[in-house]
Amino acid sequence: MPNSAYLATARAALIALTLLSAAGVEADIAGGAATLDLLPPSWRDDGGDTLRLQALHGQRVFVTMAYTTCHRICPMTMSRLNEVQRGLDVRGTRAEFLIVSYDPTNDDAGAWRRYRTEHSLTRRNWHFLSGTPADTERLARVLGFEFWRDGDHVMHDYRIVELGGDGGVRGIIDSAHSNWQALL
Amino acid sequence: MKRRLRLAAASLYAFGALGFACNATASDKRDDRITSLEEKLDRSLKLIEQLGARVRDLEAERAGAETAAQASQPTPAQQTQSPPTPVQAAQSAAAQSAAALAEQQRLDSVEQQVAQLAAANADRGGRGAGVPLHGFADVGIGNHSANEPDLKGANLGALDIFLNPQLGEHTRSLFELTFEVDEHGDVQSDLERAQLGYQFSDAATVWIGRFHTPFGYYNTAFHHGQEIATSLRRPRFLQFEDQGGVMPNHTVGAWLTGTDRLSDGRLTYDAFIGNGQAISSGVLEPRSGGVEHGAAIYGGNLGYVFGNILNGLKVGVSAFRSNISDDQPIGGITLDRITRVDNAGVYFVYDTDSVEYLGEYYRFNDRDLTDGGASHRSSAGFLQLAWRLVHVTPYARFERAVLDQSDEYFSLQNAGTSYYRAALGLRFDLDEKSALKLELARTKNTDKAVAQWTDALLNYAIRF
């Protein structure tokens, strides 16, 4: 990309970021190539191993948040992720899928293993992750996942964020952006 | 250069013409010379043509160089300059390199600012943006009001405002402010929950304030926002105190709660103590401002959440004791009468992606402390079965309460009647934040004010 165009992009990102910060919740989508780098770097996956997000640079990544005892919205999210996966398969395209727990206190590796077995989500490019509560909140803020707790309930929305190979936000799937096929 | 070439061509023409004139008188040699001169002239013409072509080429090259120079150095003064010398070219290259370096530094600075802003934005949490406002609301239509069987038509449910500011790593808080419409159509506000807590770990959090009394499962799992519950309304005996319930749903006091992982599953526990409730004007009152005589409620709850085996199942037991006073005038005399309420319950919930089964059963063993300690036994329970389909959840519920009317705890409560209710319902999830619920229910009061009726109810509930 020519320097002038790169500079213009960076300026636009700066202005957009500033405006979004002032606007509130949606501000927490950090556009541009730095998004993946802004996320907490290491997570525990359902195998008990550490997944470092730096290793995903250069790959398309679909990120969502869920928790194992959610029976209303999260199943819908998983269903949509499955549709995205099938769409990518048809096109012969590869991507990584990250499912990050809203409820790391209860969703340990064992809980995630049960979840993916019970829901037949066994693809190796799907990573079910848990982190510390602080890391969970930070990831949610950076990627625009709004959630809050009331007892055992986690109030949250249906949302999937796609990061491009450069680590920047490439697209969003939620109730306001339902044309997920366009991202494929 | 162009001028020199033209002079050379003219000289050649002149030379040829002069040579032709000087040799015109020699007849014998004339033809030879003429032939020779013609040959020279032909060669000269060819040379002239070659030189002309070369001039055109040079002119084209120069025009191209001038255009390029104009594009890179647009000032008029520079356009008129002669081609740069090697020193000038070196200086120009150095200047261009410096400009590119400056632009790169500027770009790096902008990128750094973007990264710093994004990182700061991610780090600031909810603190910079204030306290998020969440809430629930619902409205209804029916041949009866959901909680007031004597009313019918359209009705407002509740506007339930939630605040749970993040105050620190261990400090917790939760406030639930509800606006509801009473049977007279007046808007009533109530601070349903106001609790401050300190979380030592997952295994222990202490709350102080007004909270949902942790008996059974339903009372702490579902609050005043109806959107999160599958059914259109709570089981009748578990309705909140001012909506027809007979249980002390709210306690003002201290509450210790936590969870502990076991090899396969989790153990949950609750222990609490607070102000003993009072019956005032026929309605249970949590005594949020304190009590006069030190009457207290205390109790606990122990549950087990299954892991691999029977994943989704939770079972538990709970119990509480409360000295509950009432100021109801009896025989024209108002006395502080106290009933000691002993309650024990068992519950289960089986919650998966495909079903939601709930069941609770409570036994009361109450003692009248004012009149010599007569004891009274009562019971209440419900079973609810729901099946989660795509966007639709049909459910069925059966409730039964057998409440001893000689027990002042029940007889002095307006809603303290024995009853049964059978209900069938449908919940439609319109989107992730709103649900439309339909319920058909048959209710029969079996003592106190004997009556029976059938409800056909619609409720539209949202969260935000």
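Chains as they are written, first to last, in our numbering: chain A, 71 to 254; chain B, 181 to 644.
Idealized CB from N, CA, C, for every residue including glycine.
So, with DSSP's three-state summary, where would you put residue 488 of chain B? On the second sequence, residue 488 of chain B is found 308 positions in, with the first residue counted as 1. DSSP places residue 488 of chain B in coil when its eight states are reduced to three.
Simplified DSSP assignment, three categories, for residue 232 of chain A: Sequence index remark: in the first sequence, residue 232 of chain A carries index 162 (1-based). Correct three-state label for residue 232 of chain A: strand.
Enumerate in chain order the residues of its own chain whose CB-to-CB distance from residue 184 of chain B is below 7 Å, with the five nearest sequence positions on each side excluded. For this step, residue 184 of chain B is matched to residue 4 along the second sequence. A caution first: residue 184 of chain B carries a pLDDT of 49, below 50, which makes its placement in the model unreliable, though a value can still be read off. Here the set comprises nothing.
Does the Cβ of residue 176 of chain A have 16 or more other Cβ atoms within 10 Å, making it buried, or fewer, making it exposed? As a position in the first sequence, residue 176 of chain A is number 106, starting the count at 1. So residue 176 of chain A ends up on the buried side.
For residue 335 of chain B, tell me which candidate among B:574, B:479, B:327 has the shortest Cα-Cα distance. The residue labelled residue 335 of chain B in the question sits at position 155 within the second sequence. Minimum Cα distance to residue 335 of chain B is reached at B:327.
Express the C-alpha separation of residue 504 of chain B and residue 226 of chain A in angstroms, rounding to a whole number. As a working mapping, residue 226 of chain A is identified with position 156 in the first sequence. As a working mapping, residue 504 of chain B is identified with position 324 in the second sequence. Their Cα atoms are separated by approximately 39 Å.
Contact belief for residue 121 of chain A with residue 233 of chain A at Cβ below 8 Å, rounded distance in angstroms: Walking along the first sequence from the start, residue 121 of chain A turns up at place 51. Walking along the first sequence from the start, residue 233 of chain A turns up at place 163. With 8 Å as the limit, residue 121 of chain A and residue 233 of chain A do not qualify as a contact, their Cβ atoms being about 14 Å apart.
Can you list the residues of chain B that residue 184 of chain A reaches, using a CB-CB cut of under 8 Å? The residue given as residue 184 of chain A occupies position 114 in the first sequence. Neighbours of residue 184 of chain A on chain B, chain order: 487, 488, 491.
Indicate whether at least one CB of chain B lies closer than 8 Å to the CB of residue 192 of chain A. By 1-based counting over the first sequence, the position of residue 192 of chain A is 122. No, because no Cβ of chain B sits closer than 8 Å to the Cβ of residue 192 of chain A.
List, in order along the chain, the chain A residues whose C-beta lies closer than 9 Å to that of residue 532 of chain B? To locate residue 532 of chain B, count along the second sequence from 1; it is residue 352. By Cβ distance, chain A contributes 141, 188.
Local Cβ density within 10 Å of residue 464 of chain B, reported as buried at 16 or more and exposed below that: Within the second sequence, numbered from 1, the residue matching residue 464 of chain B stands at position 284. It counts as buried.
For residue 134 of chain A, which option in A:251, A:241, A:254 has the closest C-alpha, if you only look at C-alpha atoms? As a working mapping, residue 134 of chain A is identified with position 64 in the first sequence. The shortest Cα separation from residue 134 of chain A among A:251, A:241, A:254 belongs to A:241.
For residue 536 of chain B, write down the residues that DSSP places opposite it in a beta bridge. Residue 536 of chain B sits at position 356 when you count from the first residue of the second sequence. Looking at the DSSP assignment, residue 536 of chain B forms a beta bridge with B:531, B:566.
Cross-chain neighbours of residue 223 of chain A in chain B, by beta carbon under 7 Å: Taking the first residue of the first sequence as 1, we reach residue 223 of chain A at position 153. Going along chain B in sequence order, the residues near residue 223 of chain A (Cβ under 7 Å) are 408.
Within the continuous alpha helix (DSSP H) that includes residue 421 of chain B, where are the two ends? Looking up residue 421 of chain B in the second sequence gives position 241. From DSSP, residue 421 of chain B is part of no alpha helix (DSSP H); its letter is neither H nor E.
Measuring only from the beta carbon, is residue 482 of chain B closer than 7 Å to any heavy atom that is part of the ligand GTP? By its list of ligands, the structure shown contains no ligand whatsoever, and the ligand GTP lies outside what it can speak to.
Can you find a C-beta in chain B that's less than 8 Å from the C-beta of residue 218 of chain A? On the first sequence, residue 218 of chain A is found 148 positions in, with the first residue counted as 1. So, interface residue.
May I ask you to report which of helix, strand or coil DSSP gives residue 186 of chain A? The count along the first sequence starts at 1 and reaches residue 186 of chain A at position 116. Note: residue 186 of chain A maps to helix in three-state DSSP.
Pull up the distance between the alpha-carbon of residue 375 of chain B and that of residue 485 of chain B, whole angstroms please. Locating residue 375 of chain B in the second sequence gives position 195, where the first residue counts as 1. Locating residue 485 of chain B in the second sequence gives position 305, where the first residue counts as 1. Residue 375 of chain B and residue 485 of chain B: Cα-Cα distance of roughly 25 Å.
Quick one: list the residues of chain A neighbouring residue 403 of chain B, beta-carbon separation under 7 Å, in chain order. By one-based count along the second sequence, residue 403 of chain B stands at place 223. What residue 403 of chain B touches in chain A: 220.
Using a C-beta to C-beta distance shorter than 7 Å, which residues of chain B count as neighbours of residue 245 of chain A? Residue 245 of chain A sits at position 175 when you count from the first residue of the first sequence. In chain order: 611, 612.
Need the endpoints of the beta strand (DSSP E) that residue 574 of chain B sits in, please. Locating residue 574 of chain B in the second sequence gives position 394, counting from the first residue. Run containing residue 574 of chain B: 572 to 582, per the beta strand (DSSP E) assignment.
Around the Cβ of residue 589 of chain B, are there at least 16 other Cβ atoms within 10 angstroms (buried) or fewer (exposed)? What you label residue 589 of chain B is simply residue 409 of the second sequence in a count that begins at 1. Answer is buried; the Cβ neighbour count reaches 16.
Counting only Cβ-Cβ distances shorter than 7 Å, please list the residues of the region 357 to 382 of chain B near chain A, keeping chain order. 382
Contact defined as beta carbons within less than 8 Å: I believe residue 410 of chain B pairs with residue 607 of chain B. What is the distance between those atoms, to the nearest angstrom? Counted from its first residue, the second sequence places residue 410 of chain B at position 230. Counted from its first residue, the second sequence places residue 607 of chain B at position 427. Residue 410 of chain B to residue 607 of chain B, Cβ: 6 Å. Contact.
Proximity test, Cβ basis, 8 Å: residue 259 of chain B and chain A: For the purposes of this step, residue 259 of chain B is taken as residue 79 along the second sequence, with counting starting at 1. Confidence at residue 259 of chain B is low in this model, with a pLDDT of 48, below 50, so the placement of that residue should be treated as unreliable; the coordinate-derived value is given next. No - not a single Cβ of chain A is within 8 Å of the one on residue 259 of chain B.
Below-8 Å beta-carbon distance, residue 574 of chain B vs any chain A residue: As a working mapping, residue 574 of chain B is identified with position 394 in the second sequence. No, because no Cβ of chain A sits closer than 8 Å to the Cβ of residue 574 of chain B.
Ordered list of alpha helix (DSSP H) runs contained in the region 348 to 401 of chain B, each at least 4 residues: 398 to 401
Tell me whether residue 188 of chain B is buried or exposed, calling it buried when 16 or more other Cβ atoms sit within 10 Å of its Cβ. If you number the second sequence from 1, residue 188 of chain B lands on position 8. Any reading at residue 188 of chain B needs caution, since the residue's pLDDT is 47, under 50, leaving its predicted position unreliable; the model's value is listed next. Per the 10 Å Cβ criterion, exposed.
Quick one: does residue 260 of chain A have its CB under 8 Å from some CB of chain B? Past the edges of chain A, shown from 71 to 254, lies residue 260 of chain A, and the structure says nothing about it.
Bounding residues of the beta strand (DSSP E) (the contiguous stretch that carries residue 149 of chain A): Indexing the first sequence from 1 puts residue 149 of chain A at position 79. It is not in any beta strand (DSSP E) - residue 149 of chain A instead sits in the alpha helix (DSSP H) that spans 144 to 161.
When you compare only the Cα positions, how much space is there between residue 33 of chain A and residue 212 of chain A? Residue 33 of chain A is absent from the structure shown; chain A starts at 71 and stops at 254.
Would DSSP call residue 210 of chain A helix, strand or coil? Here the question's residue 210 of chain A lines up with position 140 in the first sequence. If DSSP states are grouped into helix, strand and coil, residue 210 of chain A belongs with the helices.
Give me the Cβ distance between residue 598 of chain B and residue 582 of chain B, rounded to the nearest whole Å; I'm assuming they're in contact under 8 Å. Locating residue 598 of chain B in the second sequence gives position 418, where the first residue counts as 1. Locating residue 582 of chain B in the second sequence gives position 402, where the first residue counts as 1. Contact holds; Cβ gap of about 5 Å.
So what does residue 439 of chain B bridge to, in DSSP terms? Along the second sequence, one-based indexing puts residue 439 of chain B at 259. According to DSSP, residue 439 of chain B bridges with B:448.
Quick one: which chain B residues come within Cβ less than 8 Å of residue 228 of chain A? Residue numbering aside, residue 228 of chain A sits at position 158 when the first sequence is read from its first letter. Result: 612.
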